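K.L.:
Below you will find the structure I want to go over with you.
2 protein chains.
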Amino acid sequence: MLSEFDLIKRYFARHTKPDEHLALGIGDDCALLNITPGMQMAISSDMLVSGRHFFPDADPYLLGHKCLAVNLSDLAAMGAKPVGFTLAFSLPEANPAWLEKFSQGLFALADQHQCRLIGGDTTKGPLNICITIFGELPLSMALRRDAAQVGDDIWISGNLGDARLALAGYWRELELSPADQLQAATRMHQPTPRVALGIALRGIAHAALDISDGLVGDLGHILESSRVGASLAIDAMPAGPILQHFPPALRRQFTLSGGDDYELCFTAPAERRAEVVAAAASANTLVTRVGRIDAEPGLRFLDQHANPVCLSLQSFDHFTTP
Amino acid sequence: MLSEFDLIKRYFARHTKPDEHLALGIGDDCALLNITPGMQMAISSDMLVSGRHFFPDADPYLLGHKCLAVNLSDLAAMGAKPVGFTLAFSLPEANPAWLEKFSQGLFALADQHQCRLIGGDTTKGPLNICITIFGELPLSMALRRDAAQVGDDIWISGNLGDARLALAGYWRELELSPADQLQAATRMHQPTPRVALGIALRGIAHAALDISDGLVGDLGHILESSRVGASLAIDAMPAGPILQHFPPALRRQFTLSGGDDYELCFTAPAERRAEVVAAAASANTLVTRVGRIDAEPGLRFLDQHANPVCLSLQSFDHFTTP
């Protein structure tokens with residue numbers, strides 16, 4: 001039986017060499033991190049529970065990717081550069097094959113973003129994975145939820161709805177071809193955190209967040225924090241490559257309230273459209289303009305002819321959604 | 001039914017006002033933290049699982065205390081000053097009575113140490129509580145595990161073994177009077193993190209850690225990291241007020257390998273004994289000298305006449321201990 005210390009040593013104790021940020025890595029009571037002078041820290045925690053956020057038999061490589069991706073996405077939404085993360089998890093058993101794949105998926109993404117695993121905790125229990133991530137950004141440059149201004153454009157990175165489509169396939173709400181199911185599922189299991197875009201938008205965008213519970217619900221947080229309203233061009237929503245082939249009603253539903261997209265939704269002054277497009281190009285990321293921030297409170301849906309549309313949508317909540 | 005947002009707002013969103021450290025608190029994708037210039041960050045994560053680290057029917061007030069106490073103890077063991085923490089947890093249900101008491105226990109200790117709750121995550125699932133804590137300390141002043149030097153004294157804060165005694169009572173390994181059981185259990189449920197002592201020992205102590213899995217196992221980490229050995233005066237161990245009344249063999253066993261003590265074990269040069277005692281007095285904390293760091297590898301037990309004693313002890317491991 002693998003002990004707790006062997007497990008950490010064998011699969012996770014890679015980032016122990018000091019560098020410009022990491023003064024002391026895994027193996028002491030705390031890790032020690034140096035922050036660049038003039039920068040502040042952005043910090044976020046996400047907990048993923050088996051049977052809730054992922055299937056109990058989820059591919060461990062993809063799970064390793066996703067656990068870190070959702071945290072990197074939070075840094076992206078603030079415009080922060082990743083520095084490091086802690087990993088705390090409970091496992092029913094120390095299964096070497098599972099641990100090896102999980103750590104490979106985790107480190108493949110971590111390395112891509114120079115984000116160091118600096119510490120954590122392992123214990124026995126129902127499968128639960130908690131990552132806390134640390135990034136840095138120049139003082140007063142964060143893309144906050146409360147910074148949207150009347151007249152701002154609303155933008156979306158990438159595309160929406162394919163993750164929700166994969167779920168509909170799993171749940172048998174819809175029949176998908178095996179190839180479509182696989183491609184949509186990849187989107188659900190391997191979200192792409194928009195880190196480069198978040199950094200490129202510093203000083204250009206006003207407000208930003210990442211879309212995890214569905215665009216409408218998440219945009220609502222920007223509207224509430226910024227005390228503004230918005231209009232959304234619901235047929236301008238960038239649907240995922242699989243969802244594009246489905247009827248308009250489903251496209252609307254899944255792009256607006258799908259969830260698990262991990263794209264950025266951000267606002268920027270209309271006069272800075274060219275800068276937004278240039279920032280997105282520099283980050284090699286597609287962006288689409290989908291609406292406008294209004295002074296009138298509430299969220300309005302407009303069709304392609306700018307006529308108001310009435311839609312009933314619900315965002316996901318861990319305690320009230322069945 | 002309480003929603004996730006209501007739950008956070010009602011019980012946990014206290015620390016949202018910006019101050020000298022907290023630039024942005026709960027409610028955005030990330031919290032933003034300012035670090036004092038010239039300081040580095042100490043970071044630690046602990047995950048507590050129901051049925052593993054605490055009884056499923058544990059008093060939520062005490063549980064709130066303990067979850068944060070074990071993390072503060074990690075900061076103490078580095079000599080770091082607490083700044084803030086994130087709280088991620090999964091709950092089987094959003095029970096208002098439980099949440100209210102849990103948050104009270106948590107914040108009572110947090111306020112005592114000016115340690116802000118800056119963010120986190122809540123989700124549905126088997127009860128699991130993960131705290132990541134952030135402290136700061138001057139560059140190169142951390143009390144690391146790899147810094148023990150031959151000739152150092154070995155010191156222990158407070159006393160050891162009463163938490164293990166409480167467990168023995170619960171498990172019916174021993175018969176304790178109700179009053180003794182209660183007092184010992186308080187020690188198990190409400191450990192006192194030695195934060196002030198850790199800070200006072202900066203520049204005086206060499207190595208330090210906190211004793212969570214039992215002194216012998218934990219001291220072993222200092223010996224291994226520092227590539228040294230040690231001798232322990234096993235009858236000099238400061239036994240807890242209840243354990244003191246039990247036979248010497250049990251006292252030895254529970255002080256040396258009890259676990260859940262959350263006292264500091266630290267090493268300091270023999271010529272600085274007076275400074276150690278003064279630092280402990282300034283932190284209002286008892287310290288006891290219990291051994292010496294040797295060049296010879298391994299750990300030796302000595303009785304009160306300095307004769308070698310053979311003892312068989314085992315430290316706790318989450319995956320190999322049944």
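Those protein sequences? They're chains A and B, same order as listed.
Just so you know, the first sequence maps onto residues 1 to 322 in the UniProt record's numbering.
Just so you know, the second sequence maps onto residues 1 to 322 in the UniProt record's numbering.
For every residue, glycine included, the Cβ atom is placed at its ideal position computed from N, Cα and C.
Just so we're clear, the structure is a prediction, and the values are computed from it rather than from any experiment.
Are there 16 or more other CB atoms within 10 angstroms of the CB of Q40/B, so buried, or fewer, so exposed?
P.N.:
buried
K.L.:
Give the single residue among V70/A, A185/A, P269/A whose Cα lies nearest to the Cα of I43/A.
P.N.:
When only C-alpha atoms are compared, the closest one is V70/A.
K.L.:
Take every Cβ of the segment 281 to 288 of chain B, pair it with every Cβ of the segment 156 to 165 of chain B, and state whether three or more of those distances are shorter than 8 Å.
P.N.:
yes
K.L.:
With a threshold of 8 Å between beta carbons, is A42/B in contact with chain A?
P.N.:
yes
K.L.:
Just the chain A side, please: which residues come within less than 8 Å of M78/B by C-beta, in chain order?
P.N.:
D28, D29, C30, L32
K.L.:
Based on DSSP bridge pairs, tell me the residues matched to V49/A.
P.N.:
N128/A
K.L.:
What separation, rounded to the nearest whole angstrom, lies between the Cα atoms of L68/B and V276/A?
P.N.:
Straight-line Cα distance between these residues: approximately 43 Å.
K.L.:
Is it buried or exposed for S90/A, if we count other Cβ within 10 angstroms and need 16 for buried?
P.N.:
buried
K.L.:
Chain B partners of T186/A, CB-CB under 8 Å?
P.N.:
The contacting residues do not exist; T186/A stays about 24 Å from chain B at best.
K.L.:
Is W98/A helix, strand or coil when you go by DSSP?
P.N.:
helix
K.L.:
Quick check: the Cα distance between G258/B and P126/B, rounded to an integer number of angstroms?
P.N.:
27 Å
K.L.:
On the premise that A31/A lies in contact with I118/A, defined as a C-beta separation below 8 Å, what is that separation, rounded to the nearest angstrom?
P.N.:
4 Å
K.L.:
From S73/B, D29/B, N95/B, N307/B, pick the residue whose C-alpha is nearest to that of H113/B; which is it?
P.N.:
S73/B
K.L.:
Compare the C-alpha of P18/B against each of P308/B, S282/B, N34/B, S212/B and name the closest.
P.N.:
N34/B
K.L.:
Quick one: using the 10 Å Cβ neighbour count with 16 as the cut-off for buried, is Q253/A buried or exposed?
P.N.:
Its Cβ being crowded by 16 or more others within 10 Å, Q253/A is buried.
K.L.:
Output needed for L7/A: all residues of its chain with C-beta closer than 7 Å, excluding positions within five of it in sequence on either side, in chain order.
P.N.:
A94, L99, T122
K.L.:
Which same chain residues, not among the five before or five after R172/B, have their C-beta less than 7 Å away from its C-beta?
P.N.:
Taking C-beta separations shorter than 7 Å and ignoring five residues to either side along the sequence, R172/B has no partners in its chain.
K.L.:
Measure the alpha-carbon distance for K66/B versus A278/A and round it to whole angstroms.
P.N.:
Straight through space, the alpha carbons of A278/A and K66/B are spaced by roughly 50 Å.
K.L.:
Measure the alpha-carbon distance for H53/B versus M188/B and round it to whole angstroms.
P.N.:
11 Å
K.L.:
Looking at the C-beta of F54/A, does it have a partner C-beta in chain B at a distance below 8 Å?
P.N.:
By the rule that beta-carbons nearer than 8 Å mark a contact, F54/A does not touch chain B.
K.L.:
Check whether the Cβ of G64/B lies closer than 8 Å to any Cβ atom in chain A.
P.N.:
It does not; no Cβ of chain A falls within 8 Å.
K.L.:
According to DSSP, simplified to helix, strand and coil, what is R116/A?
P.N.:
strand
K.L.:
From this set, P37/B, A76/B, R14/B, M47/B, which residue's C-alpha is nearest G198/B's C-alpha?
P.N.:
A76/B
K.L.:
What does F89/B touch in chain A if you count any residue whose Cβ is under 8 Å from its own?
P.N.:
M47
K.L.:
Which residue's Cα is closest to the Cα of S231/A: S225/A, V150/A, A184/A?
P.N.:
V150/A
K.L.:
Please check the pair S226/A and A147/A, which I expect to be a contact at CB under 8 Å, by giving their CB distance rounded to whole angstroms.
P.N.:
Rounded, the Cβ-Cβ distance is 6 Å, consistent with contact.
K.L.:
To which residues does DSSP link F134/B through a beta bridge?
P.N.:
DSSP, once it has assigned bridges, lists I43/B, G84/B as partnering F134/B.
K.L.:
Quick one: which chain A residues come within Cβ less than 9 Å of I118/B?
P.N.:
I43
K.L.:
In the structure shown, what three-state DSSP assignment does D146/A receive?
P.N.:
Correct three-state label for D146/A: helix.
K.L.:
Under 8 Å between C-beta atoms, does K124/A make it to chain B?
P.N.:
yes
K.L.:
For chain B, check one thing: does any of its Cβ atoms lie closer than 8 Å to the Cβ of D294/A?
P.N.:
no
K.L.:
With which residues is I211/B paired in a DSSP beta bridge?
P.N.:
E263/B
K.L.:
Use the C-beta contact count for L62/B: other C-beta atoms within 10 angstroms, 16 or more gives buried, fewer gives exposed.
P.N.:
buried
K.L.:
Put I293/A into one of helix, strand or coil per three-state DSSP.
P.N.:
strand
K.L.:
8 Å is my cut-off, CB to CB: does T86/B come that close to chain A?
P.N.:
It does: the Cβ of T86/B has a partner Cβ on chain A nearer than 8 Å.
K.L.:
At 7 Å on the CB atoms, spell out the chain B contacts of D74/A, in chain order.
P.N.:
For D74/A, the chain B residues whose C-beta falls within less than 7 Å of its own C-beta are D29, C30, listed in chain order.
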